[in-house]
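Sequences listed follow chains H and B, in order.
Residues in the first sequence are numbered from 1 upward in steps of one, following full-length UniProt numbering.
Residues in the second sequence are numbered from 1 upward in steps of one, following full-length UniProt numbering.
Note that beta-carbon positions come from the ideal geometry of N, C-alpha and C, so glycine has one too.
2 protein chains.
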Amino acid sequence: MDGIIQTILELLDAKKYSRARDEILKNNTVDIAEILEEVIEELGIEKAIILFRTLPKDVSAEVFAYLPIDDQIEIISVITDREVEHIIDELAFDDMIDVLEELPANVVDKILEKSTKEERRLINTFLNYPETSAGSLMTPDYISLRKNMTVAEALSYIKKEGMDRETVYTCYIKDEGRRLLGIVSLRTLVVSDDEVQVGNLMHEDIIYVNVLDDQEDVSDAFKKYGFLAIPVVDNEHRLVGIITVDDILDVIDEEATEDFHKMAGMAVSTEEYLDMSVWHHVRNRLPWLFVLMCSYVITGSIISNFQEGLSKVIVLVTYMPMLMGTGGNSGSQSATLVIRGLALGDVETSDALGVLWKELRVSFLIGLVLSALNFARIFWMDGQSTMIAATVCGSMMLIVIAAKTIGSMLPIFAKKVGIDPALMASPMIASLTDMVSVVTYFALASFILGI
Amino acid sequence: MDGIIQTILELLDAKKYSRARDEILKNNTVDIAEILEEVIEELGIEKAIILFRTLPKDVSAEVFAYLPIDDQIEIISVITDREVEHIIDELAFDDMIDVLEELPANVVDKILEKSTKEERRLINTFLNYPETSAGSLMTPDYISLRKNMTVAEALSYIKKEGMDRETVYTCYIKDEGRRLLGIVSLRTLVVSDDEVQVGNLMHEDIIYVNVLDDQEDVSDAFKKYGFLAIPVVDNEHRLVGIITVDDILDVIDEEATEDFHKMAGMAVSTEEYLDMSVWHHVRNRLPWLFVLMCSYVITGSIISNFQEGLSKVIVLVTYMPMLMGTGGNSGSQSATLVIRGLALGDVETSDALGVLWKELRVSFLIGLVLSALNFARIFWMDGQSTMIAATVCGSMMLIVIAAKTIGSMLPIFAKKVGIDPALMASPMIASLTDMVSVVTYFALASFILGI
Numbered sequence: 001m002d003g004i005i006q007t008i009l010e011l012l013d014a015k016k017y018s019r020a021r022d023e024i025l026k027n028n029t030v031d032i033a034e035i036l037e038e039v040i041e042e043l044g045i046e047k048a049i050i051l052f053r054t055l056p057k058d059v060s061a062e063v064f065a066y067l068p069i070d071d072q073i074e075i076i077s078v079i080t081d082r083e084v085e086h087i088i089d090e091l092a093f094d095d096m097i098d099v100l101e102e103l104p105a106n107v108v109d110k111i112l113e114k115s116t117k118e119e120r121r122l123i124n125t126f127l128n129y130p131e132t133s134a135g136s137l138m139t140p141d142y143i144s145l146r147k148n149m150t151v152a153e154a155l156s157y158i159k160k161e162g163m164d165r166e167t168v169y170t171c172y173i174k175d176e177g178r179r180l181l182g183i184v185s186l187r188t189l190v191v192s193d194d195e196v197q198v199g200n201l202m203h204e205d206i207i208y209v210n211v212l213d214d215q216e217d218v219s220d221a222f223k224k225y226g227f228l229a230i231p232v233v234d235n236e237h238r239l240v241g242i243i244t245v246d247d248i249l250d251v252i253d254e255e256a257t258e259d260f261h262k263m264a265g266m267a268v269s270t271e272e273y274l275d276m277s278v279w280h281h282v283r284n285r286l287p288w289l290f291v292l293m294c295s296y297v298i299t300g301s302i303i304s305n306f307q308e309g310l311s312k313v314i315v316l317v318t319y320m321p322m323l324m325g326t327g328g329n330s331g332s333q334s335a336t337l338v339i340r341g342l343a344l345g346d347v348e349t350s351d352a353l354g355v356l357w358k359e360l361r362v363s364f365l366i367g368l369v370l371s372a373l374n375f376a377r378i379f380w381m382d383g384q385s386t387m388i389a390a391t392v393c394g395s396m397m398l399i400v401i402a403a404k405t406i407g408s409m410l411p412i413f414a415k416k417v418g419i420d421p422a423l424m425a426s427p428m429i430a431s432l433t434d435m436v437s438v439v440t441y442f443a444l445a446s447f448i449l450g451i
Numbered sequence: 001m002d003g004i005i006q007t008i009l010e011l012l013d014a015k016k017y018s019r020a021r022d023e024i025l026k027n028n029t030v031d032i033a034e035i036l037e038e039v040i041e042e043l044g045i046e047k048a049i050i051l052f053r054t055l056p057k058d059v060s061a062e063v064f065a066y067l068p069i070d071d072q073i074e075i076i077s078v079i080t081d082r083e084v085e086h087i088i089d090e091l092a093f094d095d096m097i098d099v100l101e102e103l104p105a106n107v108v109d110k111i112l113e114k115s116t117k118e119e120r121r122l123i124n125t126f127l128n129y130p131e132t133s134a135g136s137l138m139t140p141d142y143i144s145l146r147k148n149m150t151v152a153e154a155l156s157y158i159k160k161e162g163m164d165r166e167t168v169y170t171c172y173i174k175d176e177g178r179r180l181l182g183i184v185s186l187r188t189l190v191v192s193d194d195e196v197q198v199g200n201l202m203h204e205d206i207i208y209v210n211v212l213d214d215q216e217d218v219s220d221a222f223k224k225y226g227f228l229a230i231p232v233v234d235n236e237h238r239l240v241g242i243i244t245v246d247d248i249l250d251v252i253d254e255e256a257t258e259d260f261h262k263m264a265g266m267a268v269s270t271e272e273y274l275d276m277s278v279w280h281h282v283r284n285r286l287p288w289l290f291v292l293m294c295s296y297v298i299t300g301s302i303i304s305n306f307q308e309g310l311s312k313v314i315v316l317v318t319y320m321p322m323l324m325g326t327g328g329n330s331g332s333q334s335a336t337l338v339i340r341g342l343a344l345g346d347v348e349t350s351d352a353l354g355v356l357w358k359e360l361r362v363s364f365l366i367g368l369v370l371s372a373l374n375f376a377r378i379f380w381m382d383g384q385s386t387m388i389a390a391t392v393c394g395s396m397m398l399i400v401i402a403a404k405t406i407g408s409m410l411p412i413f414a415k416k417v418g419i420d421p422a423l424m425a426s427p428m429i430a431s432l433t434d435m436v437s438v439v440t441y442f443a444l445a446s447f448i449l450g451i
């Protein structure tokens with residue numbers, strides 16, 4: 001890829017535009033978009049537009065769809081209205097909606113002026129679906145067949161219409177009220193005899209989603225059933241569009257990214273890291289840092305209570321970070337396993353007891369090993385008294401067990417009461433286990449050492 | 001779904017097997033598998049087998065493929081050899097390989113005995129591909145066309161072979177040496193005229209993967225190009241199989257899960273949480289907990305050095321957990337953003353300076369806000385001296401900046417030297433920032449307070 005980009009940059013620099021075009025057209029449309037992106041970055045929009053204009057019309061529209069939004073806006077701002085109109089015309093319906101969603105309102109209005117009343121109505125409906133709903137992912141460009149068509153009639157209809165539809169591999173059969181009756185795959189049509197009626201081939205036990213379903217439910221359906229496309233219906237069970245699997249791949253990544261962000265104590269962002277402004281980053285990160293910081297007011301005041309005793313046995317402070325750190329890490333492990341298990345459906349809230357029993361055994365074993373190792377270190381290497389070693393190791397044992405219990409149970413509890421389990425990850429768990437660690441440590445110290 | 005399961009459990013309990021069969025057959029195969037799983041769990045394998053045997057042969061094989069591996073082994077252990085043979089015969093090739101991979105060796109041998117020498121050779125080749133390679137995901141059941149076939153000939157070939165292939169929507173054209181020449185979609189075939197030659201319709205700029213490529217590269221290719229299937233070639237560029245998009249959905253989840261586990265300081269596991277033994281859990285979690293615990297030996301010895309001064313101003317200990325916790329949380333946020341950015345390709349190692357500059361500004365602003373809030377609390381609410389408030393707040397500022405710098409730079413550095421960036425997440429970053437926090441805090445304390 002880097003080699004091709006280099007060649008094209010050099011050709012453009014030398015103003016060899018038609019050779020540059022020949023070179024770029026040897027690539028897949030997705031790669032052409034990537035190259036063009038590079039050209040915009042390296043040589044500026046003017047050179048890029050010259051190259052863009054040499055592309056065949058159908059290619060240029062598709063390339064446009066694959067460009068990042070910033071580049072799309074830049075291109076639209078320099079090409080003629082006629083060219084904009086043409087690109088919008090050539091785009092697949094769902095790509096067009098994606099572009100329109102990002103463009104400034106005045107540009108959208110200008111584009112919509114040119115469309116018919118019916119088109120405008122449809123576009124506006126699609127623009128109004130919530131951002132992460134099934135409606136925002138779907139396209140109305142599907143193949144619709146009639147029940148009483150023969151296979152031959154269906155195939156000749158697909159031959160005529162097939163190039164303009166999002167997919168032809170799943171076809172949809174509706175009744176007079178636009179309600180979904182059945183689906184038939186192109187595979188079934190192609191292996192069936194010409195005179196068979198579509199109604200006899202169609203599947204009627206259809207898996208579908210509602211237009212307002214969250215994209216996570218849509219991607220779960222794709223993962224479960226392995227479909228290439230899924231129909232989307234409205235509340236009256238009328239077919240309003242379809243979602244194809246290629247649009248779901250990004251959704252699966254987005255859903256995972258959402259969980260990653262939440263699990264690190266941040267607001268979820270769909271923008272790319274480098275594209276996001278400093279202010280936006282601060283706004284996403286500060287609130288949780290603040291909330292978690294406040295939780296340490298409690299931890300601090302617990303320590304305050306033990307201040308006097310602590311100053312007598314100041315060496316105890318030395319082991320505090322280790323106990324707190326290990327507690328946090330132990331809790332995070334359990335929380336991550338349970339949160340991910342809940343997200344993928346491997347763990348259910350009804351498994352709470354099973355999870356607890358497993359974590360208790362795991363944490364007992366881990367606590368045992370870590371305590372033993374610590375005892376050896378504190379007693380022999382650090383040369384501390386048996387009492388101090390016992391205080392630290394006893395705390396370690398209790399802290400690991402408590403941390404793993406909290407880490408595993410809190411996400412399940414959150415899910416049960418309708419809070420996103422992903423919020424119960426490292427930062428939250430670490431703050432809680434820090435509190436528990438300090439209390440355990442000092443309670444044990446006052447019991448064993450009498451501080 | 002729960003209602004259907006309940007009905008079927010009741011029918012089986014009442015020994016109404018044929019009614020149970022009629023009820024279960026109303027569902028999608030994936031759902032039938034889910035119901036059967038429930039039956040095995042609730043009523044035991046004997047009842048489940050009775051139901052399983054009433055299913056039509058093609059349905060039962062497909063249902064079998066969707067069952068969890070434990071249930072598959074249990075079923076195989078109770079049905080006759082003839083039935084096993086039949087199921088294996090009916091399975092799609094890639095599903096068969098998945099089943100064989102999990103079965104005990106003696107069962108596999110018994111099954112392979114029944115196959116032809118050629119089949120055995122092919123199965124053994126597939127069984128030997130590394131677990132997360134393209135080879136382990138692919139199937140050899142694709143539609144292969146000849147260049148000089150007409151569209152009519154191609155379609156009639158697909159009509160004959162189509163039902164037994166993984167997909168018919170992308171067809172492959174090879175030369176005499178089995179090297180891949182081009183691909184053609186069924187859509188193109190269906191919209192083209194009967195007499196056109198396949199060679200004139202095929203795409204020759206093919207995106208493919210190597211049989212030993214990692215599954216992550218395969219899923220990246222699917223995400224980038226939005227294909228329904230991708231061809232897999234060997235080192236001699238011969239077509240050895242294809243991977244279809246439905247198998248990639250799980251891979252994307254698996255890759256994210258891998259990162260989640262690594263980012264919580266655990267060995268990666270593909271097994272479900274509840275299926276994994278206590279020992280296995282301990283083995284996956286203990287090593288990192290131990291390594292991270294050791295890092296606190298350093299943190300502890302830093303504190304040791306300040307012990308004497310600390311016992312004079314013991315109140316400083318009160319604010320230690322807050323500073324360490326906030327440092328850890330700040331660092332984790334940055335690390336998560338950068339790790340996820342690297343995984344999705346939004347951030348490259350060459351962006352290091354851009355990331356650093358952004359993090360410095362973000363952390364300066366966040367540090368400023370948190371320090372100001374703390375000053376107010378410590379000075380007015382806790383009633384501490386200006387000097388102590390200044391020590392804590394100055395430390396907070398420096399710690400947030402250091403934590404965000406470490407958190408953002410370490411994953412990029414790791415990637416540059418070939419270590420998985422996901423390992424540089426919360427636990428690792430928290431241990432490091434804890435060290436930095438302690439040093440910063442005490443250094444500033446000795447400077448300001450002279451301890």
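Is there a Cβ of chain H sitting closer than 7 Å to that of residue 427 of chain B, yes or no? Here residue 427 of chain B refers to the residue found at position 427 when the second sequence is read from its first residue. Closer than 7 Å to the CB of residue 427 of chain B there is at least one CB belonging to chain H.
Do residue 166 of chain B and residue 182 of chain B come within 7 Å of each other at the CB atom, strictly closer than that value? The sequence position of residue 182 of chain B within the second sequence is 182, counting from 1. The sequence position of residue 166 of chain B within the second sequence is 166, counting from 1. Not in contact: residue 182 of chain B and residue 166 of chain B (Cβ atoms no closer than 7 Å).
Run of the alpha helix (DSSP H) containing residue 40 of chain H, from where it starts to where it stops: The residue given as residue 40 of chain H occupies position 40 in the first sequence. From DSSP, the alpha helix (DSSP H) with residue 40 of chain H extends over 29-43.
Within 7 Å of chain H by C-beta, residues of the segment 262-273 of chain B in sequence order: Going along the segment 262-273 of chain B in chain order, one finds 264, 265, 266, 272 and 273 with a Cβ nearer than 7 Å to chain H.
Would you report the Cα separation of residue 50 of chain H and residue 358 of chain B, rounded to the nearest angstrom? What you label residue 50 of chain H is simply residue 50 of the first sequence in a count that begins at 1. What you label residue 358 of chain B is simply residue 358 of the second sequence in a count that begins at 1. Computed Cα separation, rounded: 34 Å.
CB residue 241 of chain B to CB residue 324 of chain B, shorter than 7 Å? In the second sequence, the residue the question calls residue 241 of chain B occupies position 241. In the second sequence, the residue the question calls residue 324 of chain B occupies position 324. No, Cβ-Cβ distance for residue 241 of chain B and residue 324 of chain B is not below 7 Å.
What is the residue span of the beta strand (DSSP E) that residue 229 of chain B lies within? Locating residue 229 of chain B in the second sequence gives position 229, where the first residue counts as 1. Residue 229 of chain B -> beta strand (DSSP E) spans 229-233.
Cα-Cα separation between residue 273 of chain B and residue 424 of chain H, rounded to whole angstroms: As a first step, residue 273 of chain B is located in the second sequence; it is residue number 273 there, counting from the start. As a first step, residue 424 of chain H is located in the first sequence; it is residue number 424 there, counting from the start. Between residue 273 of chain B and residue 424 of chain H, the C-alpha separation is close to 17 Å.
If we count the other Cβ atoms within 10 Å of its Cβ and call it buried at 16 or more, is residue 284 of chain B buried or exposed? Here residue 284 of chain B refers to the residue found at position 284 of the second sequence. Residue 284 of chain B is buried by the Cβ-count criterion.
Using a Cβ cut-off of 8 Å, pull out every chain B residue sitting near residue 94 of chain H, in sequence order please. Numbered from its first residue, the first sequence carries residue 94 of chain H at position 94. By Cβ distance, chain B contributes nothing, its closest Cβ being about 12 Å from residue 94 of chain H, past 8 Å.
Taking the straight line between their C-alpha atoms, what separation do you get for residue 327 of chain B and residue 228 of chain H? The residue you call residue 327 of chain B lines up with position 327 of the second sequence. The residue you call residue 228 of chain H lines up with position 228 of the first sequence. Looking at the two C-alpha atoms, the distance is approximately 46 Å.
Backbone CA spacing between residue 263 of chain H and residue 33 of chain H [nearest angstrom]: Here residue 263 of chain H refers to the residue found at position 263 of the first sequence. Here residue 33 of chain H refers to the residue found at position 33 of the first sequence. When rounded, the distance between both Cα atoms is 34 Å.
The alpha helix (DSSP H) that contains residue 327 of chain H, what's its start and end? Walking along the first sequence from the start, residue 327 of chain H turns up at place 327. Looking at the DSSP string, the run of the alpha helix (DSSP H) that includes residue 327 of chain H is 315-344.
Residue 57 of chain H to residue 233 of chain H span [Cα, whole Å]: To locate residue 57 of chain H, count along the first sequence from 1; it is residue 57. To locate residue 233 of chain H, count along the first sequence from 1; it is residue 233. If you draw a straight line from the Cα of residue 57 of chain H to the Cα of residue 233 of chain H, it comes to about 34 Å.
Straight-line gap, residue 89 of chain H to residue 231 of chain B (C-alpha atoms, nearest Å): Looking up residue 89 of chain H in the first sequence gives position 89. Looking up residue 231 of chain B in the second sequence gives position 231. Taken atom to atom, the span from the alpha-carbon of residue 89 of chain H to that of residue 231 of chain B is near 32 Å.
Could you check if residue 78 of chain H is buried or exposed, using at least 16 other CB atoms within 10 Å of its CB as the buried criterion? Here residue 78 of chain H refers to the residue found at position 78 when the first sequence is read from its first residue. Classification of residue 78 of chain H: exposed, given that the 10 Å Cβ count is below 16.
Are the beta-carbon atoms belonging to residue 403 of chain B and residue 440 of chain B less than 7 Å from one another? The sequence position of residue 403 of chain B within the second sequence is 403, counting from 1. The sequence position of residue 440 of chain B within the second sequence is 440, counting from 1. Contact: no.
In this structure, how does DSSP classify residue 212 of chain B when only helix, strand and coil are distinguished? Here the question's residue 212 of chain B lines up with position 212 in the second sequence. The three-state reading of DSSP puts residue 212 of chain B in coil, since its state is none of H, G, I, E or B.
Since residue 261 of chain B sits in a beta bridge, which residues does DSSP pair it with? If you number the second sequence from 1, residue 261 of chain B lands on position 261. Under DSSP, residue 261 of chain B shares a beta bridge with no residue.
Tell me, please, whether the segment 391-402 of chain B touches the segment 211-228 of chain B by the rule of three or more beta-carbon pairs shorter than 8 Å. Touching, no.
Contact list for residue 336 of chain B against chain H, beta-carbon separation under 8 Å: In the second sequence, counting from the first residue as 1, residue 336 of chain B sits at position 336. Ordered by position in chain H, the residues that pass the 8 Å Cβ test against residue 336 of chain B are 260, 261, 263, 264 and 266.
With C-beta atoms as the reference, is residue 245 of chain H less than 7 Å away from residue 198 of chain B? Position 245 of the first sequence, counted from the start, is the residue given in the question as residue 245 of chain H. Position 198 of the second sequence, counted from the start, is the residue given in the question as residue 198 of chain B. With contacts defined as CB atoms closer than 7 Å, residue 245 of chain H and residue 198 of chain B fail to qualify as a contacting pair.
Residue 150 of chain B by DSSP, collapsed to three states: which one? Taking the second sequence and counting its residues from 1, one reaches residue 150 of chain B at position 150. Strand at residue 150 of chain B.
Residues that residue 157 of chain B contacts on chain H, provided the C-beta gap is smaller than 7 Å: Position 157 of the second sequence, counted from the start, is the residue given in the question as residue 157 of chain B. By Cβ distance, chain H contributes nothing, its closest Cβ being about 10 Å from residue 157 of chain B, past 7 Å.
Selected residue, minimal CA-CA separation from residue 164 of chain H, among H:19, H:142 and H:127: For this step, residue 164 of chain H is matched to residue 164 along the first sequence. Taking only the C-alpha atoms, the option nearest residue 164 of chain H is H:142.
If you check the beta carbons only, do residue 431 of chain H and residue 295 of chain H fall under 7 Å apart? Residue mapping note: residue 431 of chain H aligns to position 431 of the first sequence, counting from 1. Residue mapping note: residue 295 of chain H aligns to position 295 of the first sequence, counting from 1. For residue 431 of chain H and residue 295 of chain H, yes; Cβs fall inside 7 Å.
Same chain, Cβ closer than 6 Å to residue 19 of chain B, neighbours up to 5 away in sequence not counted: Taking the first residue of the second sequence as position 1, residue 19 of chain B is located at position 19. Excluding sequence neighbours, residue 19 of chain B sits near 11.
In angstroms with no decimal places, state the Cα-to-Cα distance between residue 331 of chain B and residue 409 of chain B. Against the second sequence, residue 331 of chain B aligns to sequence position 331. Against the second sequence, residue 409 of chain B aligns to sequence position 409. Residue 331 of chain B and residue 409 of chain B have their alpha carbons spaced roughly 10 Å apart.
What does residue 20 of chain H reach in chain B if we use C-beta pairs closer than 9 Å? Position 20 of the first sequence, counting from 1, holds the residue named residue 20 of chain H. Simply none; closest approach about 17 Å.
Work out the CA separation of residue 387 of chain B and residue 321 of chain H for me, nearest whole Å. Residue mapping note: residue 321 of chain H aligns to position 321 of the first sequence, counting from 1. Residue mapping note: residue 387 of chain B aligns to position 387 of the second sequence, counting from 1. Linking residue 321 of chain H to residue 387 of chain B through their CA atoms gives a straight-line distance of about 24 Å.
Anything in chain B within Cβ reach of residue 207 of chain H, meaning under 8 Å, just list it in chain order. Residue mapping note: residue 207 of chain H aligns to position 207 of the first sequence, counting from 1. Per Cβ cutoff of 8 Å: 28.
Thinking C-alpha only, which one of H:119, H:81 and H:80 is nearest residue 97 of chain H? Counting from one through the first sequence, the residue named residue 97 of chain H turns up at place 97. Of H:119, H:81 and H:80, the residue nearest in Cα terms is H:119.
Where residue 376 of chain B meets chain H, residues with beta-carbon distance less than 8 Å: The sequence position of residue 376 of chain B within the second sequence is 376, counting from 1. Within chain H, no residue comes near residue 376 of chain B; the closest Cβ sits about 12 Å away, beyond 8 Å.
First and last residue of the alpha helix (DSSP H) that includes residue 440 of chain H? Residue mapping note: residue 440 of chain H aligns to position 440 of the first sequence, counting from 1. Where residue 440 of chain H is concerned, the enclosing alpha helix (DSSP H) stretches over 426-448.
Listed from N- to C-terminal order along the chain, which residues in the segment 309-323 of chain H have their beta-carbon within a distance smaller than 9 Å of any beta-carbon of chain D? Structure shown: chain D not included; protein chains present are H and B.
Residue nearest to residue 257 of chain H in terms of C-alpha spacing, selected from B:340, B:192 and B:316: As a working note, residue 257 of chain H is residue 257 in the first sequence. Residue B:340 is the option with its Cα nearest to residue 257 of chain H.
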